[in-house]
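This report concerns only the one structure given below.
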Amino acid sequence: MKKADLPLVRWDRVQERSYQINVFEQVKDRKSLVVLPTGLGKTIIAILVLAYRAERGRILFLAPTKPLCEQHAVSISRLTSLEPVVVTGELYGPDQRKEIYRRGEVVVATPQTVENDLDRGVNPGDFSLIVFDEAHRAVGSYAYVGIARRYLRRGSQILGMTASPGSDYKKLREVADHLGIEHVELRTEQDPDVQPYLAQRRMRWVLVDMPEEVKRIVRRLDVMLTDFLAELATYTRQARNLSAGKLSKKALIDIQSRMRSHLGKRGGSMYKAISVVSAAIKLAHLKDMLTSQGVEAAQSYLAKLEFDRSKAAASIRKHRLYPSIRRDIVTLEAQRPKLEKTRDILLQHLERHPDGRVILFAEYRDTIDFLLRAIQSLPGVRARRFIGQARGANDGMSQEEQKETLQAFREGEFNVLVSTSIGEEGIDVPATTLVLFYEPVPSAIRAIQRRGRTARDGVPGMVVILIMKGSRDEAYYWSSRGKEKKMYQQIARLKRELETAETPSGWHPSPPKKREKVPTDQRGQSRLDSFYPG
Numbered sequence: 001m002k003k004a005d006l007p008l009v010r011w012d013r014v015q016e017r018s019y020q021i022n023v024f025e026q027v028k029d030r031k032s033l034v035v036l037p038t039g040l041g042k043t044i045i046a047i048l049v050l051a052y053r054a055e056r057g058r059i060l061f062l063a064p065t066k067p068l069c070e071q072h073a074v075s076i077s078r079l080t081s082l083e084p085v086v087v088t089g090e091l092y093g094p095d096q097r098k099e100i101y102r103r104g105e106v107v108v109a110t111p112q113t114v115e116n117d118l119d120r121g122v123n124p125g126d127f128s129l130i131v132f133d134e135a136h137r138a139v140g141s142y143a144y145v146g147i148a149r150r151y152l153r154r155g156s157q158i159l160g161m162t163a164s165p166g167s168d169y170k171k172l173r174e175v176a177d178h179l180g181i182e183h184v185e186l187r188t189e190q191d192p193d194v195q196p197y198l199a200q201r202r203m204r205w206v207l208v209d210m211p212e213e214v215k216r217i218v219r220r221l222d223v224m225l226t227d228f229l230a231e232l233a234t235y236t237r238q239a240r241n242l243s244a245g246k247l248s249k250k251a252l253i254d255i256q257s258r259m260r261s262h263l264g265k266r267g268g269s270m271y272k273a274i275s276v277v278s279a280a281i282k283l284a285h286l287k288d289m290l291t292s293q294g295v296e297a298a299q300s301y302l303a304k305l306e307f308d309r310s311k312a313a314a315s316i317r318k319h320r321l322y323p324s325i326r327r328d329i330v331t332l333e334a335q336r337p338k339l340e341k342t343r344d345i346l347l348q349h350l351e352r353h354p355d356g357r358v359i360l361f362a363e364y365r366d367t368i369d370f371l372l373r374a375i376q377s378l379p380g381v382r383a384r385r386f387i388g389q390a391r392g393a394n395d396g397m398s399q400e401e402q403k404e405t406l407q408a409f410r411e412g413e414f415n416v417l418v419s420t421s422i423g424e425e426g427i428d429v430p431a432t433t434l435v436l437f438y439e440p441v442p443s444a445i446r447a448i449q450r451r452g453r454t455a456r457d458g459v460p461g462m463v464v465i466l467i468m469k470g471s472r473d474e475a476y477y478w479s480s481r482g483k484e485k486k487m488y489q490q491i492a493r494l495k496r497e498l499e500t501a502e503t504p505s506g507w508h509p510s511p512p513k514k515r516e517k518v519p520t521d522q523r524g525q526s527r528l529d530s531f532y533p534g
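Next up, the structure:
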């Protein structure tokens, strides 16, 4: 490719990387899915493609959130001579958006806004290219699906971008089908054209011993769980092979979902069964809090359980072992092996890298607040939290607060960002020198996104993962590693199948699936109170 072929690109502002040019050449004229790990510059590839297509017609660039849309618009404006306009439901009314659609050469929008406008008859017009950022979301009834279906019929070119589409081949195939994908371009950190641009990233796994007092409580929690699982097995065969020691909340939630789908057929007995499985979910969560998050998290959740008026919580409180378990958790002295490791790692890192930046990831908001209080007094640590928006009565951050926090982190006003999963996907974070997982995550997508927050822009980085021995941490760690390996195998399989397939003319994706409705009187049964991930 010659630079003269893309006159709209401001080449003096683009750091050229051979793999980005190679990918661009492969996808510019095909409906393509680009899979590239976080931090390797998917946006640059998208900008090259849209600059190539812009001379043929208007561009629609879709991203899941308003902050991401604004981020992409800034990048397009800085790296090209094009003038993007941002369209979200919050910014303009339908009539104003209609005019913006008409005159915008590059429209950057949230998919919900575009889909709603299409449904209301506000026609955004035709586009020569549609970019789907975080393309792995194009499943089920997500707005990407309906938009792609409409525009594939009009002949628009498609570019999907994702760091990690997941390890489930059916979902991967669903994404490809919904977006009309003809070609997949995959790059990993091991590819020869990527290697020269990578900063050194070191991985470290820290095993933490579980305190003996916690182990004794866990044994009694397992007895309680065994009793509830035995009762659950009288309602469903799915529960017969479950054991308390190797129990996942996902298995219980799957059972609960199936039971809810049969509520109309079996009536009262099914309500009782759902209450039993909900009790098991709550107990499993209490166990996770105690073993993976710490004593304070378990005590906080236990306090909420005391005031929980659901039948599930009442059945837990009536169990013969509950009083002794409650007493021992409430009186348990704060043993914080994970926290102590966290403090040590932060102190050592910032002593070696005084100008370093750290992201500390944790799953739950209560844990975020606890960690923030615990590390604020450490020498050299200036920390702030980064969480999702408010949910109901729960504390959260507005989009403006999120934006201001990231800008302050970028400018060095503080050096430790304590974040839930909101910090994993898509945000523009400066190169960090350390990413610390307070606990592993079972998802390959999330693990890849977290790791991608360090060792960027030529700055070496380290990833440290804390694992509590004997807890769900171990299972989550191995699960994410297995899923990541499987994910790349499935992407390679999809790539092979697309290369050998012949797409019928007039093909278009099937309509999106309808959302399942949950009976309102059962929605609160398995709610985990204020322990919201994100």
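So the sequence shown is numbered by this note's numbering: it starts at 1 and just counts up by one. Here a beta-carbon is modelled for each residue, glycine too, at the ideal position from N, C-alpha and C.
### Task
Using only alpha-carbon positions, find the residue among G93, F437 and L159 that is nearest to T43.
L159
#### Entry: Beta-carbon separation (whole angstroms), G396 vs P354, contact threshold 8 Å
At roughly 32 Å, the Cβ-Cβ gap does not stay under 8 Å, so G396 and P354 are not in contact.
### Span of the alpha helix (DSSP H), counted from its first residue to its last, around Q389
The continuous stretches of alpha helix (DSSP H) do not include Q389, and DSSP gives it neither H nor E.
### Query
Cα-Cα, which of G458, T291, A109 and A163 is closest to I147?
A109
### Residue nearest to K215 in terms of C-alpha spacing, selected from R30, D288, K483 and V114
D288
### Query
Is P94 buried or exposed, if buried means 16 or more other CB atoms sit within 10 Å of its CB?
Exposed is the label assigned to P94, since fewer than 16 other Cβ atoms lie within 10 Å of its Cβ.
### Task
Quick one: using the 10 Å Cβ neighbour count with 16 as the cut-off for buried, is D209 buried or exposed?
Only exposed fits D209, as fewer than 16 other CB atoms lie within 10 angstroms of its CB.
#### Entry: Burial state of Q190 (16 or more Cβ within 10 Å)
exposed
### Query
Rounded to a whole number of angstroms, what is the C-alpha to C-alpha distance between A244 and P165?
31 Å
### For V34, three-class secondary structure by DSSP
strand
### Task
Pull up the distance between the alpha-carbon of I535 and that of H285, whole angstroms please.
The question about residue 535 has no answer here: the residues shown for the chain are numbered 1 through 534.
### Query
Which full runs of the beta strand (DSSP E) of 3+ residues lie inside the segment 141-193, going along the chain?
157-162 and 183-186
### Message
In whole angstroms, give me the CA-to-CA distance for I274 and R258.
### Response
10 Å
### I47 and T88 closer than 8 Å at C-beta
no
### Message
What would DSSP say about Y364, mapped onto helix, strand or coil?
### Response
strand
### Message
Using beta carbons (cut-off 8 Å, strictly below), is R216 in contact with chain C?
### Response
You won't find chain C in this structure, because it holds only one protein chain.
### Query
CB L350 to CB G356, shorter than 8 Å?
Yes, the pair counts as a contact, with Cβ atoms nearer than the cut-off.
#### Entry: Residues bridged to I467 (per DSSP)
I467 is bridged to L207.
### Query
Using DSSP with H/G/I as helix, E/B as strand and the rest coil, what is F127?
coil
### Query
Which residue comes first and which comes last in the beta strand (DSSP E) that contains F61?
I59 to L62
### Distance between I253 and V429 (C-alpha atoms, nearest Å)
34 Å
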